[in-house]
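Student: Protein chains in written order, with full-length UniProt numbering: chain S, 1 to 136; chain P, 1 to 136. Glycine included, every Cβ here is placed at the ideal spot set by N, Cα and C.
Protein chains: 2
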Amino acid sequence: MLDHTDKRILEELSRNSRLTMKELGEKVHLTGPAVSARVAKLEDSGVIEGYTIKVNQAKLGYAIHTFITIITESIFHQSYLSFIKTQERYLINNYKISGDGCYLLECKFPSNEELNEFLKELNEHANYKLSIVIEK
Amino acid sequence: MLDHTDKRILEELSRNSRLTMKELGEKVHLTGPAVSARVAKLEDSGVIEGYTIKVNQAKLGYAIHTFITIITESIFHQSYLSFIKTQERYLINNYKISGDGCYLLECKFPSNEELNEFLKELNEHANYKLSIVIEK
DNA sequence: CCTTTTGACTTTATTTATGAAAGGAGTGAA
DNA sequence: TTCACTCCTTTCATAAATAAAGTCAAAAGG
Chain S
1 MLDHTDKRIL
11 EELSRNSRLT
21 MKELGEKVHL
31 TGPAVSARVA
41 KLEDSGVIEG
51 YTIKVNQAKL
61 GYAIHTFITI
71 ITESIFHQSY
81 LSFIKTQERY
91 LINNYKISGD
101 GCYLLECKFP
111 SNEELNEFLK
121 ELNEHANYKL
131 SIVIEK
Chain P
1 MLDHTDKRIL
11 EELSRNSRLT
21 MKELGEKVHL
31 TGPAVSARVA
41 KLEDSGVIEG
51 YTIKVNQAKL
61 GYAIHTFITI
71 ITESIFHQSY
81 LSFIKTQERY
91 LINNYKISGD
101 GCYLLECKFP
111 SNEELNEFLK
121 ELNEHANYKL
131 SIVIEK
């Protein structure tokens, strides 16, 4: 289904998704049209879900990166889920998990003040454990 | 420093980083060369860190997505850090965190067997708490 | 008030990449 | 052998990127 060349293509596009088909072709030893056809297949089959950029959140003013383990008391999660929908500017990911907690919420904040305010509001909907990312 | 148009550019490129400069220009009401110059600025200033793809890990055979909270007993983390360097195929991210644990390790696995084997080996270097992602 | 400078943009023209079409090499099945 | 199939290359028309020159408006200085 996926041969070595396809994996090379995924590696190269992960590193730089704005390569031209010609450049990508040179890296994996194919011509432009050939590599273009393979990329189209990878898109159609859903292996490549999309093309995106890595944004430096700190330079956008979001210096604080956190993971918040959510423990909801009630069996109804709707209160928590509705709340985070109103907090999109802070959200990176919300994972439903099994294990120690119901959700793992990945967030970014510009300042401790805003983090603190967020946690205060969050606490009305769920308990939490906070982890702050020091280094990636 | 970063005006509304720059933010629009970041949004559009986050959604699809393979837009042509012409298409991107149309979306933000600029010509190709104008938007190209802005993107170059965003790259030079480090706001755009890179261009990448979203890969469907499940379709690559990695169906299991986990977060593992690492608690190292000793004050020397080297044993753990050396270990994970040998496990690159499973690794997505390793965050050094403050809070409940020393590291938060994001991993992917093809099967419970390999996850189990990984945990067994991990346990020689650190204690852990496992969370498995059910939904994103 | 006029002139100059600056920055961000558009226009134009050249270079370069894309993508469709045709053709060839290798593989497996009848 | 022959056919069908897949995957590739080559070629070429079209489209995009990029460099250079020109436009315009706002700010600074005489």
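1) By the three-class DSSP mapping on this structure, what secondary structure does P:E73 have?
2) Just curious, the beta strand (DSSP E) that P:G32 is in, first and last residue?
3) I want to verify the contact list: residues of chain P whose CB lies under 7 Å from the CB of S:Y90, in sequence order.
4) What residues from chain S crowd round P:V28, counting only those whose CB sits closer than 9 Å?
5) With burial defined as no fewer than 16 other Cβ atoms inside 10 Å of the residue's Cβ, what is the status of S:A40: buried or exposed?
6) Mark P:T86 as exposed unless 16 or more other C-beta atoms lie within 10 angstroms of its C-beta, in which case mark it buried.
7) Return helix, strand or coil for P:G61, following the three-state DSSP convention.
8) So what does S:S131 bridge to, in DSSP terms?
9) By the 8 Å beta-carbon criterion, what residues does the stretch 18-52 of chain S contribute toward chain P?
10) In its own chain, which residues sit with a C-beta less than 8 Å from the C-beta of P:K96, not counting the 5 before and 5 after it?
11) If we count the other Cβ atoms within 10 Å of its Cβ and call it buried at 16 or more, is S:F76 buried or exposed?
12) How would you write the range of the alpha helix (DSSP H) that P:L19 sits in, first residue to last?
13) Rounded C-beta distance between S:F118 and S:Y90? I'm assuming under 8 Å.
14) Would you mind working out which of S:E114, S:D3, S:V133, S:K59 sits nearest S:V47, comparing C-alpha positions?
15) Thinking just about the alpha-carbon of each residue, which of P:S17, P:E12, P:E11 is nearest to the one in S:L13?
16) Quick one: what's P:N94 bridged to in DSSP?
17) Please report the residue range of the beta strand (DSSP E) in which P:K136 lies.
18) Given that a residue counts as buried once 16 or more other Cβ atoms are within 10 Å of its Cβ, and exposed if not, what is P:L15?
19) For the 8 Å Cβ check, are there 3 or more pairs between the stretch 15-35 of chain P and the stretch 104-112 of chain S?
20) Within 8 Å (strictly less), CB to CB, does S:E135 reach chain P?
21) Looking at the C-beta of S:I132, does it have a partner C-beta in chain P at a distance below 8 Å?
22) With S:E121 as the anchor, note down where its beta strand (DSSP E) starts and where it stops.
23) In the structure shown, what three-state DSSP assignment does S:T52 receive?
24) Counting along the chain, where does the alpha helix (DSSP H) carrying S:Q78 start and finish?
25) Is S:N127 close to chain P? Criterion is C-beta to C-beta, closer than 8 Å.
26) Compare the C-beta of S:S98 with all C-beta atoms of chain P and state if any pair is closer than 8 Å.
Tutor: The relevant details are as follows:
1) Residue numbering aside, residue 73 of chain P sits at position 73 when the second sequence is read from its first letter. Residue state, collapsed to three classes: coil.
2) For this step, residue 32 of chain P is matched to residue 32 along the second sequence. Unbroken run through P:G32 is the alpha helix (DSSP H), 32-44; no beta strand (DSSP E).
3) For the purposes of this step, residue 90 of chain S is taken as residue 90 along the first sequence, with counting starting at 1. Those do not exist, as S:Y90 stays about 16 Å from chain P at its closest Cβ, beyond 7 Å.
4) Against the second sequence, residue 28 of chain P aligns to sequence position 28. Near P:V28 there are no residues of chain S at all, since even the closest Cβ is about 15 Å away, more than 9 Å.
5) Locating residue 40 of chain S in the first sequence gives position 40, counting from the first residue. With fewer than 16 Cβ atoms within 10 Å of its Cβ, S:A40 is classed as exposed.
6) Taking the second sequence and counting its residues from 1, one reaches residue 86 of chain P at position 86. The residue in question, P:T86, is exposed, as its Cβ has fewer than 16 Cβ neighbours within 10 Å.
7) Your numbering for residue 61 of chain P matches position 61 in the second sequence. In the displayed model, P:G61 falls within coil according to three-state DSSP, outside both helix and strand.
8) Residue 131 of chain S sits at position 131 when you count from the first residue of the first sequence. Note: S:S131 sits in a beta bridge opposite S:F67.
9) Within the stretch 18-52 of chain S, the residues whose Cβ lies closer than 8 Å to some Cβ of chain P are R18, S45, G46, V47, I48, E49, G50, Y51, T52, listed in chain order.
10) Counting from 1 along the second sequence, the entry for residue 96 of chain P is found at position 96. Excluding residues within five positions, the ones whose Cβ falls inside 8 Å are C102, Y103.
11) Here residue 76 of chain S refers to the residue found at position 76 when the first sequence is read from its first residue. Answer is exposed; the Cβ neighbour count stays below 16.
12) The residue given as residue 19 of chain P occupies position 19 in the second sequence. It is not in any alpha helix (DSSP H) - P:L19 carries neither H nor E in the DSSP assignment.
13) In the first sequence, the residue the question calls residue 118 of chain S occupies position 118. In the first sequence, the residue the question calls residue 90 of chain S occupies position 90. So it is a contact: roughly 6 Å between Cβ atoms.
14) Your numbering for residue 47 of chain S matches position 47 in the first sequence. When each option's Cα is compared against that of S:V47, the closest is S:D3.
15) As a working mapping, residue 13 of chain S is identified with position 13 in the first sequence. Nearest C-alpha to S:L13: P:S17.
16) In the second sequence, residue 94 of chain P corresponds to position 94, counting from 1. Per DSSP, P:L105.
17) To locate residue 136 of chain P, count along the second sequence from 1; it is residue 136. Where P:K136 is concerned, there is no enclosing beta strand (DSSP E), given that its DSSP letter is neither H nor E.
18) Here residue 15 of chain P is taken as the residue at index 15 of the second sequence, counted from 1. Checking the sequence shown, residue 15 of chain P turns out to be Arg, not Leu. P:R15 is exposed by the Cβ-count criterion.
19) no
20) On the first sequence, position 135 is the one that residue 135 of chain S refers to. Closer than 8 Å: yes.
21) By 1-based counting over the first sequence, the position of residue 132 of chain S is 132. Taking Cβ atoms only, chain P reaches closer than 8 Å to S:I132, which makes this a yes.
22) For this step, residue 121 of chain S is matched to residue 121 along the first sequence. Counting along the chain, S:E121 falls outside any beta strand (DSSP E), though it belongs to the alpha helix (DSSP H) covering 112-122.
23) As a first step, residue 52 of chain S is located in the first sequence; it is residue number 52 there, counting from the start. Strand at S:T52.
24) Reading the first sequence from its first residue, position 78 is the one you call residue 78 of chain S. That run of the alpha helix (DSSP H) goes 78-85.
25) In the first sequence, counting from the first residue as 1, residue 127 of chain S sits at position 127. No - not a single Cβ of chain P is within 8 Å of the one on S:N127.
26) Stepping through the first sequence from its first residue, residue 98 of chain S is reached at position 98. With 8 Å as the cut-off, S:S98 counts as an interface residue toward chain P.
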